[in-house]
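Chemist: Residue numbers (our numbering), protein chains in the order written: chain A, 123 to 466; chain B, 717 to 895.
Glycine residues also receive a C-beta, built at the ideal position from the N, C-alpha and C atoms.
My questions all concern the structure below.
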Amino acid sequence: MPSDNLDDLFRQHLGGHATPPGADLQRRLAELAEAERLDSLFRTGLAGHASQPRRAVWERLEDEHLHPAGTRRRVVAWWQLSAAAVLLLSLLAGGLLWRNGHVAQPGGELATGRAATKPPASTTTGSTQGLAIPAETAIPAANAISSAPIVAKEPIARTSTSPSEKNKKAWASQATAPGISSSSPPIASTTRAGRAATAAQAASSHHLPRRTLDAATGQLARTGGRQSPAGQLPPATTPAALAATTAPGLALVATTMTNPSEVVEVEVRRGPAPAQPAVGLASVVATAPVASPRRRLRLGGLLRQADHLVHGEPVSLAEATGLAETVTVEARLGGRTLRRTVQL
Amino acid sequence: MTEPDLIAACLRGEPRAQRQLYNQFAGLMLTVCRRYLKRPEDAEEVLLLGFAKVFRALPTFRQEGSFEGWIRRIMVNQALMELRRREPLHLSFEDFAQPENLATTPATADTQLQAEELLALLQTLPTGYRTVFNLYALEGYSHPEIAEALGITEGTSKSQLSKARALLQRRLQGAAVNS
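Shown next, in the form of structure tokens:
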């Protein structure tokens, strides 16, 4: 068979023959078309679609990433700093107030707690000079108030001539409210037992100007004329006892009068220097204390002493507490003078 | 403001330009993020981090291609990172192709669906299916690129894509029947 005839043969038989694709191929093609249709569906359906984000997203982006030290944060920082400063100042002011109140309170406690037991050996200071209070034991005082209360008011009235005295009176009356009725047995007994100590405490008090006549002192003032015997003078009025209790004091004078003509003058002075000459014996008593420094713990001194302690060096209590190294106690009894210097 | 001016202003650190750029692309990019992450808050987190990267990487943009495409790519990468962190992909690539889940008949439903409905349909897919479908069908990635991006084989990528399509077709059909 010639080649041309062969070619014509295949061309003629297969040229117009149609072979349909198999089922598998058809399925695959349909899937592809469907997939393309599906993809196109989502692609076109979601193209250009925008979802609005919340405003907080931009704010966070701005705050956390774009402008982390932005204006808003600076404003917040200023507010925080201002609040912190105000708080700090308030705390400081409160601390100072509290501290002042705390420092002043021991005197108050002394006045309140011991006003009822205040001994006849009342001490006065320069601001109340001229107030001569005869000393007496407590028992006669307690007895005397019930006998002649009108007379008891006289010394108080006399001391209230100055405005400060009025304040003191009011303060004392408030502070001693529970113990105003000083004629009650407990007060009388307390006075008797603790007289020596209270006398010394009265002498060592830094708030002597505040300690003025209260009910007890009024009674005592009134009973001062009873001329109680000197033998009832308690032993704690000795200079040694006073020195032990008045050591931190600066220049305090306590005078105990056993009778109007005999005056015991006790002077406590900071440091070893000789005592000032006594002010008058008949009048009272008090060389005004030089402005006594407050008894405060000094932080610097404490730290320094702690450092000394760590390094095995001697520790000075006086430096740590701000107290004097030595205290001189001088007592005059009639013509005799006793002086003792106490090393702290 | 033209796009180059906007980019230049952003490069200068001008807040207004930054805000304008964000406003211009945030909506589109949030949709991109929502295609990958089911939870809206996660999508917004990705948007936030993605824009942070955009502004940080802005000096590296050469202005040769599409700016939107550049941002979209950053968003997609950020979404993939977030997916790896939140929804480990290897778990979701487990065989979900149960017979009942596969489409047995070609979808014939009318596909006039709204974008939100399409997004909802996408979010019904398992994470692996959804991710491969997004990358292949909507982002135009090839299977080798998907395999590299997700750390899977090309065969897995093809398989996941096929199964994702089957699920979508089935659900589209169901949606058409319900409507």
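Could you have a look at T847/B and say whether DSSP puts it in helix, strand or coil?
Modeler: The count along the second sequence starts at 1 and reaches residue 847/B at position 131. Helix.
Chemist: Restricting to Cα atoms, I'd like to know which of Q794/B, S878/B, G867/B, G785/B is closest to Y752/B.
Modeler: Taking the first residue of the second sequence as 1, we reach residue 752/B at position 36. Out of Q794/B, S878/B, G867/B, G785/B, Q794/B has the C-alpha closest to the C-alpha of Y752/B.
Chemist: Starting from T450/A, follow its DSSP beta bridges and name the residues at the other end.
Modeler: Mapped onto the first sequence, residue 450/A falls at position 328. In DSSP, T450/A forms a bridge with R391/A, T463/A.
Chemist: Between R159/A, G170/A, H187/A, Q202/A, which has its C-alpha nearest E784/B's C-alpha?
Modeler: For the purposes of this step, residue 784/B is taken as residue 68 along the second sequence, with counting starting at 1. Cα-wise, what sits closest to E784/B is G170/A.
Chemist: With a threshold of 16 other CB atoms inside 10 Å of the CB of M791/B, please say whether the residue is buried or exposed.
Modeler: As a first step, residue 791/B is located in the second sequence; it is residue number 75 there, counting from the start. Its Cβ being crowded by 16 or more others within 10 Å, M791/B is buried.
Chemist: May I ask you to verify whether the segment 835-852 of chain B touches the segment 879-888 of chain B, counting CB pairs closer than 8 Å and requiring at least 3?
Modeler: Enough Cβ pairs lie closer than 8 Å, so yes.
Chemist: Let me check understanding here. Comparing Cα to Cα, which of V770/B, M797/B, A725/B, I723/B lies closest to L866/B?
Modeler: Residue numbering aside, residue 866/B sits at position 150 when the second sequence is read from its first letter. Among V770/B, M797/B, A725/B, I723/B, the Cα nearest to that of L866/B belongs to M797/B.
Chemist: Look at the Cβ atom of A831/B, then the Cβ atom of G167/A, and state whether they are nearer than 8 Å.
Modeler: Locating residue 831/B in the second sequence gives position 115, counting from the first residue. Locating residue 167/A in the first sequence gives position 45, counting from the first residue. Closer than 8 Å, so yes.
Chemist: Kindly indicate which residue of A733/B, R778/B, L799/B, T747/B has the alpha-carbon position closest to the one of L188/A.
Modeler: For the purposes of this step, residue 188/A is identified with residue 66 of the first sequence, where counting begins at 1. With distances taken between Cα atoms, L188/A lies closest to A733/B.
Chemist: Give the secondary structure of E757/B by DSSP, where H, G and I count as helix, E and B as strand, and everything else as coil.
Modeler: Taking the second sequence and counting its residues from 1, the one referred to as residue 757/B is at position 41. DSSP places E757/B in helix when its eight states are reduced to three.
Chemist: Quick test of the definition: if touching needs 3 or more C-beta pairs under 8 Å, does the segment 170-184 of chain A touch the segment 740-749 of chain B?
Modeler: Yes, the segment 170-184 of chain A touches the segment 740-749 of chain B.
Chemist: Looking at C-alpha atoms only, which residue of R750/B, Y738/B, Q839/B is the closest neighbour of W180/A?
Modeler: Walking along the first sequence from the start, residue 180/A turns up at place 58. That would be Y738/B, whose Cα lies nearest to the Cα of W180/A.
Chemist: Chain B partners of Q467/A, CB-CB under 7 Å?
Modeler: No answer is possible for residue 467/A: it lies beyond the span of chain A, which begins at 123 and ends at 466.
Chemist: Using the Cα positions of E870/B and L763/B, report the straight-line distance between them to the nearest angstrom.
Modeler: Counting from one through the second sequence, the residue named residue 870/B turns up at place 154. Counting from one through the second sequence, the residue named residue 763/B turns up at place 47. Roughly 28 Å separates the two Cα atoms.
Chemist: In whole angstroms, what is the alpha-carbon distance linking L163/A and P775/B?
Modeler: Within the first sequence, residue 163/A is the residue found at index 41, counting from 1. Within the second sequence, residue 775/B is the residue found at index 59, counting from 1. Distance between the alpha carbons of L163/A and P775/B: 36 Å.
Chemist: Would you mind stating whether E452/A and E389/A have Cβ atoms separated by less than 8 Å?
Modeler: Taking the first sequence and counting its residues from 1, the one referred to as residue 452/A is at position 330. Taking the first sequence and counting its residues from 1, the one referred to as residue 389/A is at position 267. A contact, by the Cβ cut-off of 8 Å.
Chemist: Is there at least one Cβ from chain B nearer than 8 Å to E156/A's Cβ?
Modeler: Locating residue 156/A in the first sequence gives position 34, counting from the first residue. Judged by the 8 Å Cβ criterion, E156/A is in contact with chain B.
Chemist: Can you name, in chain order, every residue of its own chain whose Cβ lies under 6 Å from the Cβ of G766/B, other than the five neighbours on each side?
Modeler: Here residue 766/B corresponds to residue number 50 of the second sequence, with the count starting at 1. For G766/B, where only same-chain residues beyond five positions count, the Cβ hits under 6 Å are I790, M791, Q794.
Chemist: Look at the alpha carbon of F777/B and the alpha carbon of L888/B, and state the distance between them as a whole number of angstroms.
Modeler: In the second sequence, counting from the first residue as 1, residue 777/B sits at position 61. In the second sequence, counting from the first residue as 1, residue 888/B sits at position 172. Roughly 40 Å between the two C-alpha positions.
Chemist: Contact criterion: CB-CB distance below 8 Å. Does A863/B meet it with respect to chain A?
Modeler: By one-based count along the second sequence, residue 863/B stands at place 147. For A863/B, the answer is no, since every Cβ of chain A falls outside 8 Å of its Cβ.
Chemist: Take V464/A as the anchor and find which of R165/A, T450/A, L424/A has the nearest alpha-carbon.
Modeler: Locating residue 464/A in the first sequence gives position 342, counting from the first residue. The candidate whose alpha carbon is nearest that of V464/A is T450/A.
Chemist: Cβ closer than 8 Å: which chain B residues qualify as neighbours of V179/A?
Modeler: Taking the first sequence and counting its residues from 1, the one referred to as residue 179/A is at position 57. Chain B residues near V179/A: A742, E760, L763, L764.
Chemist: Anything in the segment 745-756 of chain B with a Cβ closer than 9 Å to a Cβ of chain A? List those residues in chain order, please.
Modeler: Under the 9 Å Cβ criterion, the segment 745-756 of chain B contributes M745, L746, T747, V748, C749, R750, R751, P756.
Chemist: For L455/A and V386/A, which I take to be in contact (beta-carbon distance under 8 Å), what is that distance rounded to the nearest angstrom?
Modeler: Here the question's residue 455/A lines up with position 333 in the first sequence. Here the question's residue 386/A lines up with position 264 in the first sequence. About 5 Å separates the two Cβ atoms, so the contact holds.
Chemist: Please confirm whether I862/B and S873/B have their CB atoms less than 8 Å apart.
Modeler: Position 146 of the second sequence, counted from the start, is the residue given in the question as residue 862/B. Position 157 of the second sequence, counted from the start, is the residue given in the question as residue 873/B. Going by C-beta atoms, I862/B is nearer than 8 Å to S873/B.
Chemist: Step through the CB atoms of chain B and report whether any lies within less than 8 Å of the CB of L151/A.
Modeler: Walking along the first sequence from the start, residue 151/A turns up at place 29. Not closer than 8 Å to any Cβ of chain B, the Cβ of L151/A fails to qualify, so no.
Chemist: Taking C-beta pairs closer than 9 Å, name the residues in chain B that L147/A reaches, listed in chain order.
Modeler: Counting from 1 along the first sequence, the entry for residue 147/A is found at position 25. Ordered by position in chain B, no residue passes the 9 Å Cβ test against L147/A, which lies about 15 Å from the chain.
Chemist: How should H139/A be labelled, buried or exposed, when 16 other C-beta atoms within 10 angstroms of its C-beta is the threshold for buried?
Modeler: One-based indexing of the first sequence puts residue 139/A at position 17. With fewer than 16 Cβ atoms within 10 Å of its Cβ, H139/A is classed as exposed.
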